[in-house]
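**Student:** Next up is a structure, given as structure tokens.
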Amino acid sequence: MYDSIKKYRFGKPIQTNAVTYEIALSTGEPDYIQISENKKTIEYKMGRNDKIYGLGEAVRGINKRGWIYESYCNDDPLHTETKRSLYGAHPFIIVDGENVFGLFTDYPDKVVFDIGYTDIDTISVTVGSPDYDLYIIFGDTPYDIVKAFRKLIGKSYTAPFWSFGFQQSRWSYYTSKDVQSVIDGYRDNDFPIDAVYLDIDYMESFKDFTVSEERFPEFDSFVKEAVQQNIHLVPIIDAGVKIEDGYTIYDEGKEKGYFCKDDKGKDFVAAVWPGKVCFPDFLNDSAAAWFGSKYKYLIDKGIDGFWNDMNEPAIFYSENRLEKALCKISSYKGKNIGIYDFFGLKDTVLGLSNSGEDYSAMYHNINGESVCHDRVHNLYGYKMTTSASNAFKEIAPDKNILLFSRASYIGMHRYSGIWMGDNQSWWSHIKLNLQMLPSLNMCGFLYSGADLTGFGDNCTEELALRWLALGIFTPLMRNHSALGTRDQEYYRFKNTEVFRNILKLRYALIPYIYSEFMKAVENDDMLFKPLAFVYRGDKLAEAVEDQLIFGDNMMIAPVYEPNALGRYVYIPEDMCAVRFRSETDFTFTDYTKGHYFVEIPCDEVVVFIRKNTLIPLISSAPSTAQLDYSTMKFIGKITAPYVYTVIKEKGILNGISHTEKTNYRIIPDNDTCVYNNYTIE
Ligand code: MIG
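Start counting at 1 in the sequence shown, then tack on 41, and there's your number in our numbering.
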């Protein structure tokens with residue numbers, strides 16, 4: 042496998058731990074790749090029909106050709122098509138054309154991927170300083186390259202079984218009463234659910250590892266009561282630590298010198314939700330271990346899931362730059378300022394947040410050496426998350442604690458999942474959600490999902506339903522929305538029964554979803570594949586950007602447009618469509634290869650099962666803990682005996698899920714597509 046990977050080293054790279062295998066260094070790149078003399082730019086001339094894959098969390102399609110992207114962790118809540126970066130930095134691309142190869146620039150500062158933007162036929166990859174490891178991965182197909190790359194970067198994170206259930210969030214449920222009323226809303230309406238999220242307002246003054254006494258009195262027993270209702274509460278942890286004397290985390294961090302510094306060696310001060318904060322120096326191993334150990338406070342209260350936020354790190358403003366901006370603004374006072382000065386003034390204020398200037402003024406202590414944040418920017422959220430993950434193994438070795446992060450870099454996929462950040466209640470964001478899934482899988486991130494219903498802005502009932510019809514397939518299935526948006530919990534919409542049916546369908550499909558997820562982890566495979574990866578050589582399949590192969594046996598083709606009767610679907614081989622009105626009410630239609638308009642009303646979910654394969658289905662239950670695998674049946678059409686391997690979570694050792702595999706052998710029967718009879722091997 043590793044013969045197909047060549048590693049080149051330029052300058053003195055900062056170690057990212059993205060790669061888990063040592064590979065001998067090579068010299069001499071293939072002649073179709075040009076590396077500039079200063080080693081900062083890698084160029085490749087694309088053929089007319091070359092397709093480019095990869096880049097993980099990024100805007101636009103599965104084929105990334107025709108835009109300029111930056112691998113740079115960025116807190117930007119407007120994911121429009123002209124953005125260059127989102128929260129994750131995933132500097133891996135695959136070229137599929139006359140030459141087929143992958144490029145991984147293992148470099149923790151900004152990498153610019155100009156893929157036919159400046160010059161329509163040229164890829165140019167540029168780093169800021171020529172200190173990086175370059176991996177070139179060869180293979181016959183992009184899919185082979187993904188598998189080799191995934192092997193190189195190590196096994197993906199296995200999320201706990203319960204986290205494949207439905208999860209509800211909002212910024213914020215302010216009190217324990219609010220949380221309980223959401224639990225009741227779901228339970229009373231007979232909707233399955235496994236988790237409710239606690240956003241920043243559960244804390245006291247937004248201080249990490251505190252719980253507001255006033256709004257969440259007797260938190261310990263509240264968590265226990267939730268557990269009794271089979272509900273996991275998942276609190277948020279933010280990167281910034283509030284500056285407040287007497288707040289233990291701040292006092293300890295300050296005393297031990299565990300915060301990032303400014304250029305004068307003083308604690309770097311910025312402002313985020315708690316007001317002024319210091320940033321734990323996660324690149325300093327002792328500081329990281331210290332911060333990680335603090336999760337114990339909540340784990341001891343019965344918490345077994347966390348989401349790490351604001352860890353790009355997001356900065357609303359820094360003390361220094363705010364001071365400068367205020368000076369600039371006051372210098373204009375009383376003057377008749379020109380219009381360009383006015384716009385400059387406006388930009389001064391708007392440019393206060395997440396500024397590169399602030400990142401340049403922030404310093405880490407890496408093994409005793411002071412390192413400017415710029416050089417390691419993309420590792421900050423990654424290291425925050427490994428600090429938690431490493432600590433969990435000590436704090437609670439017998440638990441698999443759910444963990445996912447907003448910022449990420451390749452390598453973090455071994456420790457946690459990611460969510461797709463602050464999307465909007467836009468139709469185009471269903472499609473973006475769909476297209477990001479396979480790209481994330483290429484970079485190792487399997488446990489992922491978007492904020493269903495959209496984070497920003499108000500969601501309509503139709504958008505919520507259509508998005509849900511995609512969301513039921515994503516490992517992380519979470520409905521989340523921003524402060525000030527309308528209530529978007531599924532039980533609040535008018536067609537309660539339709540939402541209930543679709544949520545229950547998710548639970549009925551969990552044996553398939555979890556099994557295929559675990560197989561993807563085990564085999565360094567993708568859970569969501571572009572059709573191009575499976576039907577290579579079929580030009581029409583290779584062009585499909587809005588359908589995915591989900592696991593080995595299923596194709597999904599969700600509707601992502603308003604007021605749609607259905608949609609065009611490309612059927613790449615003979616398939617059997619299953620039209621679900623509910624987990625018990627479904628019909629089958631055969632399709633032969635070709636294009637079809639498939640009617641898909643809002644109250645139905647249609648999936649396509651590949652020829653001669655089956656998928657398992659069980660009876661839904663109010664929570665994953667109550668699922669009964671003895672209700673298993675298989676659906677689909679087969680003409681020869683078929684064996685499907687079901688994977689169940691059996692137990693947890695050192696925070697890792699241990700699983701049990703069972704092979705189910707099913708014998709074909711011409712009269713049915715629903716198999717209740719099988720033998721267990
Ligand atoms: O500045 O904690 O992406 O999911 O609800 C916003 C409040 C901070 C951003 C996260 C979002 C979360 C929100 N946070």
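Note that the Cβ used here is the ideal one computed from N, Cα and C, for glycine as well.
Quick caveat, the model's predicted, so the values are computed rather than measured.
(1) With DSSP collapsed to three states, give me the class of GLY306.
(2) First and last residue of the alpha helix (DSSP H) that includes VAL539?
(3) Can the beta-carbon of ALA549 be found closer than 8 Å to that of SER664?
(4) Quick check: what's the CA-CA separation for THR309 versus PRO54?
(5) What are the boundary residues of the alpha helix (DSSP H) that includes SER371?
(6) Give me the DSSP bridge partner(s) of ASN395.
(7) Considering only the beta carbon of each residue, do ILE656 and TYR576 sit closer than 8 Å?
(8) Can you tell which of ARG620, ASP593, MET616 and VAL610 has its C-alpha closest to the C-alpha of VAL687?
(9) Rounding to the nearest angstrom, what Cα-Cα distance links TYR94 and CYS413 in this structure?
(10) When you compare each of SER222, MET483 and LEU386 to CYS368 by their alpha carbons, which one comes out closest?
(11) List the residues that DSSP assigns as beta-bridge partners of PHE179.
(12) With a threshold of 7 Å, establish whether the CB of ILE135 neighbours any heavy atom of the ligand MIG.
(13) What are the uninterrupted segments assigned as beta strand (DSSP E) that are 3 or more residues long and contained completely in the segment 419 to 457, given in chain order?
(14) With DSSP as the reference, label ASN482 as helix, strand or coil.
(15) Going straight from the alpha carbon of TYR601 to that of PRO571, what length do you get?
(16) Considering Cα atoms alone, identify which of GLU111, LYS560 and LYS652 is closest to MET595.
(17) With a cut-off of 8 Å on the beta carbons, I'd call ILE103 and GLN476 a contact; round off their distance for me.
(18) First and last residue of the beta strand (DSSP E) that includes GLN75?
(19) Among TRP212, GLY409 and THR121, which residue has its Cα nearest to the Cα of ARG519?
(20) Tell me the rounded alpha-carbon separation between GLY692 and SER489.
(21) Between the C-alpha atoms of VAL268 and TYR243, what's the straight-line distance to the nearest angstrom?
(22) Verify the contact flag: TRP212, CB atom, against every heavy atom of the ligand MIG, threshold strictly below 7 Å.
(23) Can you say whether SER371 is buried or exposed, counting buried as having 16 or more other CB atoms within 10 angstroms of its CB?
(24) Closer than 7 Å by C-beta to ASP498: which residues in its own chain qualify, once you throw out the five before and the five after it? Chain order, please.
(25) So does HIS470 have its beta carbon nearer than 7 Å to some heavy atom of the ligand MIG?
(26) Using the DSSP secondary-structure output, state which residues sit across from PHE496 in a beta bridge.
(27) Between which two residues does the alpha helix (DSSP H) harbouring THR289 extend?
(28) Would you identify the three-state DSSP class for PHE649, choosing helix, strand or coil?
(29) List, from N- to C-terminal side, the beta strand (DSSP E) runs of 3 residues or more that fit wholly inside the segment 618 to 673.
(30) Using DSSP's beta-bridge definition, name the partner residues of CYS319.
(31) Excluding sequence positions up to five away, which residues of its chain have a Cβ less than 6 Å from the Cβ of THR199?
(32) Give me whichever residues DSSP pairs with GLU701 in a beta bridge.
(33) With DSSP as the reference, please indicate the residues paired to LYS678 in a beta bridge.
(34) Name the DSSP bridge partner or partners of ALA312?
(35) Taking just the CA atoms, how far does THR123 sit from ALA65?
**Tutor:** For this structure:
(1) coil
(2) 537 to 549
(3) no
(4) Before going further, note that residue 309 is Phe rather than Thr in the sequence given. Roughly 25 Å separates the two Cα atoms.
(5) 360 to 372
(6) Paired residue(s): none; ASN395 is not in a bridge.
(7) no
(8) ASP593
(9) 32 Å
(10) LEU386
(11) PHE142
(12) no
(13) 443 to 446
(14) helix
(15) 17 Å
(16) LYS652
(17) 5 Å
(18) 74 to 76
(19) TRP212
(20) 22 Å
(21) 18 Å
(22) yes
(23) exposed
(24) GLN465, SER466 and THR526
(25) no
(26) Answer is none; PHE496 lacks a bridge partner.
(27) 289 to 297
(28) strand
(29) 627 to 632, 635 to 640, 646 to 651 and 654 to 658
(30) VAL282
(31) VAL562 and SER698
(32) LYS689
(33) THR654
(34) LYS317 and TYR358
(35) 39 Å
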